[in-house]
Amino acid sequence: MLKQRTLTAMQAVTLTITIGLIGWMMMATVRNAQKNSGLQLNWALVIAVVVIGLILGSVVLLTNWLTRRKTSWLVATFIGLTALKLPLLGLFKIQPTSDFWNYHALAAFSAQGLTWKQLFVNGDIGNYVIFPHAINIASLFSLGAAFWGSTFVISQLINITCSLLDMFLLYWLVARWLSRSLGITAALIFYWIPAFWLYGSLLNGAEPAFLTFLLIAMLALTNMVQPLVTATPRDHWVNFSIALLASFAANMVRPIVAIWLIALIFLGIEVWLRGRGVRQPRPVKLYSLFVVSLASLMLVAPTIYSWLYGFEVAPNRVSTAYSMATGTDPKTGGAYDAALMGVVTHELKVEPVPTVAYSKIATKMSQATQKQLHELARTGQWGGFLQQKMQNFMAEDYGYDWVLYNLSPQRSQRANNHWWQWSRGFWNWLALIYFELLMGAALLSSGLGIYLLWSKRNHYLTQYFFYAALLLAGFTTGSLLVEVQGRYHVILYLPLIFLSICGLATLKSHAWRSTQTTESNAHTV
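Sequential numbering of the sequence shown, starting at 677, is according to our numbering.
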């Protein structure tokens, strides 16, 4: 009895926290849009609402149609939807800037035969020596450049392909958990996210690949813990290896997999409490081994990167210290601060020994963090600062804005560029409304999760609700501890979709049972 109460309390607290966070996120997204996106009540809003209606209608109709068709139709539909992105590549020419230019340039240099050590010696790596994940991203794109050329369109096609794989992986994952129809719904909801639709099609950010690696890890881990009927005795080791490698690859391009690891630990505790006193099967033991192995790999990641690239990259504490200093900066609301980056650049230039420079950077960033925390506490600005930071983190205009920022200024593109600037209201209204609806669905679903928890404690859906809520709470609070950007909240799409799908599964389950009860009563009469 005590064990059951502990489980219920742990799940209820997590879902309650999630409800509070989603409510905060919804308000922050709207406030950011009001301040920065130039939204007005005009024709753009009307058209955006109509388009949202068409999108939601297509999700319902396609789900119902594909559920009754063979898998070949599903594959063809997903590929066809992805092909709709290709005309964008010809319509809008991208001339990458900022990190996008660095990824592209380093990838091109590497594909042309320069080693990473040569790039380091030549000074081309720059500040990325303390951000090895950025080198990893460039290295990923260099593989495509080596095979197909170093034009920017190759990177765009890589991300479009990753987004297609994300759809399939989401479908397979949710179908393994719940049902085929819900898997299709999850994939279609993901595909139509407007901001990510633009960002993952036209730019070479790491987010599409990050989601691909993470979803591969989730699917392999699911197959390890809950083997398919057709699985061979050794398949659990294959899935273990795939999950471990994919998880580490995800951490290479976006070093926040530790949050997923913590969520897995809490989920493991929940599973252990549920099965306490029962001999644990092999998959559960492998689950524990997976957590330990991934944590160990992440601890030695800088050593692995140094071996891969032939020069010593900064240890984890340096990039963490910088991100904490940036994330606590009240002047920028936890976003990028050129002054702090200037300190990093200065130390790397004046200190010839990298290890000494790394130590100085870590010290100065830690001092900046302490100073900023003290200032926030002294002035009592914590509330306003956190509000501003959440707004920066939840900026759903990142898709439109980054495309605008990276459009080619060539004369031949002026007409398209002008149209893009003119249509700003439509794209930002579209992104805002869709994202708010997704968060609203997740909010209602979390409430259904609590209802299900207290009405049917042993219902199979409670574990899925708990997992999705852990991911959302973990990725949100973890991200607020460090530097924030609008594109960083892409990872939240997964738990939001998981929660929404769990809510839909709950409604379908109760509707089905109500129908069965009605039919049973009719037969009795």
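Yeah, the Cβ is synthetic: ideal placement off N, Cα and C, and Gly gets one too.
With H, G and I counted as helix, E and B as strand and the rest as coil, what does DSSP make of Arg955?
For Arg955, the predicted model reports a pLDDT of 47, less than 50, meaning its position is unreliable and no value from the coordinates is stated.
Judging by CA-CA distance, which residue of Tyr1140, Ile1126, Leu697 and Val726 is the nearest neighbour of Phe942?
Closest in alpha carbon position to Phe942, among Tyr1140, Ile1126, Leu697 and Val726, is Tyr1140.
Between which two residues does the alpha helix (DSSP H) harbouring Glu1112 extend?
Looking at the DSSP string, the run of the alpha helix (DSSP H) that includes Glu1112 is Arg1100 to Ser1131.
Phe828 lies in the alpha helix (DSSP H); which residues open and close that run?
Phe828 to Trp853
Does DSSP put Leu1206 in a helix, a strand or coil?
Nothing can be reported for residue 1206, as the shown portion of the chain is limited to 677 through 1201.
Please state the DSSP three-state secondary structure of Leu1083.
strand
Uninterrupted beta strand (DSSP E) stretches inside the segment 1017 to 1057 (no shorter than 3 residues)
none
What does the Cβ neighbour count give for Arg681, buried or exposed, with the cut at 16 atoms within 10 Å?
exposed
By Cβ distance, which residues of its chain are closer than 7 Å to Tyr963, with the 5 residues on each side in sequence left out?
Val901 and Gly944
Given that a residue counts as buried once 16 or more other Cβ atoms are within 10 Å of its Cβ, and exposed if not, what is Ser1088?
exposed
Can you grab the Cα-Cα spacing for the pair Glu1023 / Lys1036, in whole Å?
7 Å
Please state if the CB of Ile731 and the CB of Trp868 are separated by a distance shorter than 7 Å.
yes
Could you give the DSSP three-state label for Ile869: helix, strand or coil?
coil
Cut-off 8 Å between Cβ atoms - residues of its own chain near Leu1128, not counting five sequence neighbours on either side
His1135, Leu1137, Thr1138, Phe1141 and Thr1182
On a Cα-Cα basis, can you pick out the residue from Phe807, Ser1122, Ser1155 and Cys1178 that is closest to Ile693?
The residue with the shortest Cα to Cα distance from Ile693 is Ser1122.
For Ile634, which three-state DSSP category applies?
Residue 634 cannot be examined here, being either before or after the span of the chain that is shown, 677 to 1201.
Contacting residues, own chain, Cβ-Cβ under 7 Å from Val829 (five flanking each side not counted)
Once the five neighbours on either side are set aside, the close Cβ partners of Val829 are Leu765.
To which residues does DSSP link Ile770 through a beta bridge?
DSSP output for Ile770 lists Leu1083 as bridge partner(s).
Roughly how many angstroms lie between the CA atoms of Arg955 and Lys961, to the nearest whole one?
Because the pLDDT at Arg955 is just 47, under 50, the model does not fix this residue reliably, and the value given afterwards should be weighed accordingly. Between Arg955 and Lys961, the C-alpha separation is close to 10 Å.
State the DSSP-derived secondary structure class of Ile801, mapped to helix, strand or coil.
coil
Output the distance between the C-alpha atoms of Leu1106 and Lys1040, rounded to the nearest integer angstrom.
Between Leu1106 and Lys1040, the alpha-carbon positions lie close to 42 Å from each other.
Quick one: is Thr1153 buried, meaning 16 or more other Cβ sit within 10 Å of its Cβ, or exposed?
exposed
Rounded straight-line distance, which links the Cα of Ala1149 to that of Leu1172:
11 Å
Val725 by DSSP, collapsed to three states: which one?
In the structure shown, Val725 sits in a helix (DSSP, three-state: H, G or I).
Coil, strand or helix - Asp1073 by DSSP:
coil
Pro772 to Ser1084, Cα distance in whole Å?
8 Å
Beta-carbon proximity check, Pro931 vs His1050, cutoff 7 Å
no
Tell whether a beta-carbon distance below 7 Å holds between Pro978 and Pro991.
yes
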